[in-house]
Amino acid sequence: DAISSSSWCYTEGIGYYSKKQILHGFFDRISKNGNLLLNISPKADGTIPQEQKDVLLAMGAWLSKYGEAVYATRAWEKYGEGPTKMGAAYGIMAAPTEGTAKDIRYTRSKDNSTLYAILLGWEKGQKEVLLTSLSSHRIDCRDLKAVDLIDGKAGKYQRLAFKQDTEGLHVGLPERRSFEDLAYVLKLRFDGKFP
61 DAISSSSWCY
71 TEGIGYYSKK
81 QILHGFFDRI
91 SKNGNLLLNI
101 SPKADGTIPQ
111 EQKDVLLAMG
121 AWLSKYGEAV
131 YATRAWEKYG
141 EGPTKMGAAY
151 GIMAAPTEGT
161 AKDIRYTRSK
171 DNSTLYAILL
181 GWEKGQKEVL
191 LTSLSSHRID
201 CRDLKAVDLI
211 DGKAGKYQRL
221 AFKQDTEGLH
231 VGLPERRSFE
241 DLAYVLKLRF
251 DGKFP
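Last residue of the sequence shown: number 255 in this note's numbering, and the count goes up by one each step with no gaps.
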């Protein structure tokens, strides 16, 4: 995909997708066992315009904090949930889409002991997130030993309360969010392999 909303090469007045659009499109792809080759558009002298650098640096900053949900992970049997239509039909190009607080994308660790839920938004005052893909009639979560929020920094976690019922896995969010980001990650650790 291109970093630009208007061109695959540098042109005067080139338009750009937002940082969120690019990053959320990336999460959608990896949750579906895909990848992203991002086309940037240098000027004729080889310099990269600042707007493009800003997008790349934002992606790098996010990955430095939450990369464990991306690097060496695999797609899960269900890519995600939420109302926002993302991606396009095979062979059709479409603009990347920014997700909402109701949109979640999943990845899993290679050894199947950890499931990552990437939250594409977090509304102000939101006290809970419901992971409907983990409902009790679908998945047995008795071996779920912890749900942690990656707390805005690599290796820093905040333990969250959770309960499972027929609606899904209810995860309590902190009353006060201590940081703002383009997306948030819940780390679900199982005792052994998750079902």
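Virtual Cβ for every residue (Gly too), placed ideally from N, Cα, C.
Just so it is clear, the structure is predicted and the values come from calculations on it, not from any experiment.
Would the beta-carbon of Val207 fall within 7 Å of that of Leu220? yes
Rounded separation between Lys145 and Gln186 - CA only: 22 Å
Three CB pairs or more closer than 8 Å across the segment 174-181 and the segment 103-119: no
From the DSSP output, in three-state form, read off Ser78 for me. coil
Is Leu246 helix, strand or coil when you go by DSSP? strand
Under three-state DSSP, which class holds Thr192? helix
Can Ser64 and Tyr76 be called in contact, C-beta distance under 7 Å? yes
Assign His197 to one of three DSSP states: helix, strand, or coil. coil
In the DSSP assignment, find the alpha helix (DSSP H) that holds Lys113 and state where it starts and stops. Gln110 to Tyr126
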